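Chains as they are written, first to last, in my numbering: chain A, -2 to 115; chain B, -5 to 160; chain C, 23 to 380.
Here's the structure, in structure tokens; my notes come after.
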């Protein structure tokens, strides 16, 4: 059984070697004469103001955590879906209870304004 | 044969990633090592025949939870870890006996219980999505439904904590 | 005929080399097609100088990428800066390993499906692939986020970091809608094997309506999938991460030459992968009329499959040439407040209908 997955590992290796190989080959034949202005962080021609490493808005964090939560929900839906024809109406009710509770949470975060991006 | 070779490769990657996770100073390097650990763990699950668990390990742990970690490191701009000399001395004093104790306990458990337990045959166990679905939606129905409450609490907790400052 | 391990590895390597070559060529010519079509939409000619109709333009572009100076700014986090484009490219290319392109072919005394992970079931003589192909593609796609996030973070430039944050937030948001849109198809097919999903859509009703999933009530799922796929691949109208009027070039602002090209190729490879997945899940994969001599019978399914991919590529380019860009709050609202409930409703209705019929 695991031998069917071996091509994926070979593919990963070959794909990585293609990336690394072209960069290596390019580094051998390309010109290389950097200067101070070329190496500056890009800010449309003016000297960089302040560092880029700052704190950013918490919205991105909320999106990430909501993603984790709903991704878990999606993963629960997958085995249910492929098994659904055998589970029948009983399976439908089971999943309705599960989804119902989560939809309550979804409506709550919507009302709470966590889905607004301002 | 093939299973054993693959197992050794991925187990080595997993342990190497875990050691690198501890050794790296920068949080983002540690997070990357943890992704490697998660990925190789998934491969070990795959070798055991637990296909669905392997896929979920990659989707949830490597692809979702670690994204959250990397996000938090990026957002907070956590810098390199500062290591003080006293800290490492404390680690030396407490760490060596701790390591010894752990090794002795592991050795004791292995010698006492090792040969008695039946060895797992790689590639013989069948953990397909259908098998998981059957178990989850028949025998473990209640835990499954309770999970939704757990997820609900997680949603509320996250939103309340993140929005407290506003 | 069961294969021994050596033949299996050899066949796999041959298939991988062909697949990578075809995929990279397809990426290069999608760029050509894009420049040409967008050019005509905007009443220009597009590339015309290099070769007839500019057909050698991708070759010239590739040479230029290799020969250009590759700057590594001194403020970057060097290891991650170099690793990020390779990660993005590797993940983008690897997804294709799971895609079945056609049924079983017979060549040189070996029978094998036109799919890298495919094997022939020795009992039935039909093609089969790994049971969780779809899930592995989802997993690999979700790992693709790291290439972008790490590129932006390690560049140490404001545009890059903002672009990377936007890109990853958008990709993870739409990954939910993408995953949910697949559930309807999974209910109908009852398997994660892409090969089996295609086989289930062969044939027609009344002799002319093909039995594709899109005609079995998954039309909403198809549109949700398409929207989510546009957002996942950071394409117009969801190309906020590289909105050039505000972020210069987004997460790859600080990248040049070959490393920039790798992000570029990764984006196009991702486009091709999601197009492949769309045709497999909703449009019947390689199904189509097959006739003529043996060699034609072997090649026609691949042709029908490629035709669907070209169609999706054209839609991508058409949309790019027609629609303006969303605002970021609109983008997030669209994903979370419109596609998410719509996908849930689609699952409920599909499940209800299937349960009713059974």
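The beta carbon of each residue, even a glycine, is placed where N, CA and C say it ideally should be.
What you are looking at is a predicted structure, and each value in this text was computed from that prediction instead of being measured.
query: For residue 226(C), three-class secondary structure by DSSP; result: strand
query: Buried or exposed by the 16-neighbour rule on C-beta atoms within 10 Å, applied to residue 73(A); result: buried
query: Within-9 Å CB hit, residue 52(A) to chain C; result: no
query: C-beta contact flag for residue 202(B) and residue 58(B) at 9 Å; result: The shown model of chain B, from -5 to 160, leaves out residue 202(B), and the question about it has no answer.
query: Alpha-carbon spacing of residue 33(B) relative to residue 62(C), whole angstroms; result: 45 Å
query: 9 Å Cβ cutoff, residue 213(C) in contact with chain A; result: yes
query: Paired residues, beta bridge with residue 136(C) - DSSP; result: 124(C)
query: Test item: CB-CB of residue 306(C) and residue 220(C) under 9 Å; result: yes
query: Exposure of residue 33(A), with buried meaning 16 or more beta-carbon neighbours within 10 Å; result: exposed
query: Euclidean distance between Cα positions of residue 71(B) and residue 1(B); result: 37 Å
query: Distance, residue 111(A) Cα to residue 154(B) Cα; result: 9 Å
query: Three-pair Cβ contact test at 8 Å for the segment 92 to 104 of chain C versus the segment 364 to 376 of chain C; result: no
query: Residue from 83(A), 93(A), 95(A) with nearest C-alpha to residue 128(B); result: 83(A)
query: Assumed close pair residue 130(B), residue 76(A) - CB separation to whole angstroms, cut-off 8 Å; result: 6 Å
query: Other residues of its chain near residue 87(C): CB distance less than 8 Å, five sequence neighbours each side excluded; result: 279, 280, 282, 283
query: Bridge partners - residue 231(C), DSSP secondary structure assignment; result: 227(C)
query: Contact set for residue 236(C): own chain, Cβ-Cβ below 7 Å, skip 5 residues either direction; result: 244, 304, 305
query: Test item: CB-CB of residue 217(C) and residue 323(C) under 9 Å; result: no
query: Segment contact, 8 Å Cβ cut-off, at least three pairs: the segment 244 to 256 of chain C with the segment 203 to 218 of chain C; result: yes
query: Short CB-CB distance (under 9 Å) between residue 138(B) and chain C; result: no
query: Residue 47(C) classed as buried or exposed, judged by whether at least 16 other C-beta atoms fall within 10 angstroms; result: exposed
query: Check whether residue 193(C) and residue 162(C) have beta carbons under 9 Å apart; result: no
query: Interface positions of the segment 41 to 65 of chain B facing chain A (Cβ-Cβ less than 7 Å), listed along the chain; result: 41, 43, 46, 50, 53, 54, 58, 59, 61, 62, 65
query: Reference residue 225(C); option with closest CA among 325(C), 311(C), 51(C), 318(C); result: 311(C)
query: Reduced DSSP secondary structure (H/G/I, E/B, other) of residue 141(C); result: strand
query: Cβ neighbour criterion (16 or more within 10 Å) applied to residue 38(C); result: buried
query: Min CB distance residue 189(B) to chain A below 9 Å; result: Because chain B spans -5 through 160 in this model, residue 189(B) falls outside it and cannot be assessed.
query: Any 3 or more C-beta pairs closer than 8 Å across the segment 5 to 25 of chain B and the segment 94 to 113 of chain A; result: no
query: Inter-residue Cα distance where the pair is residue 70(C) and residue 59(C); result: 12 Å
query: Under 9 Å (Cβ pairs) to chain B, residues found in the segment 60 to 73 of chain A; result: 60, 61, 62, 63, 64, 65, 66, 67, 68, 69, 70, 71, 72, 73
query: Cβ pair count under 8 Å reaching 3, the segment 53 to 72 of chain A against the segment 141 to 149 of chain B; result: yes
query: Any chain A beta carbon closer than 9 Å to residue 358(C); result: yes
query: C-beta atoms of residue 64(B) and residue 50(C) nearer than 9 Å; result: no
query: Exposure of residue 365(C), with buried meaning 16 or more beta-carbon neighbours within 10 Å; result: buried
query: Rounded C-alpha distance that separates residue 23(C) from residue 49(B); result: Because the pLDDT of residue 23(C) is 41, which lies under 50, any placement of that residue in the model is unreliable, and the number read from its coordinates should be weighed accordingly. Going by the C-alpha atoms only, they are around 30 Å apart.
query: Every unbroken alpha helix (DSSP H) inside the segment 42 to 69 of chain B [4 residues or more]; result: 45 to 50
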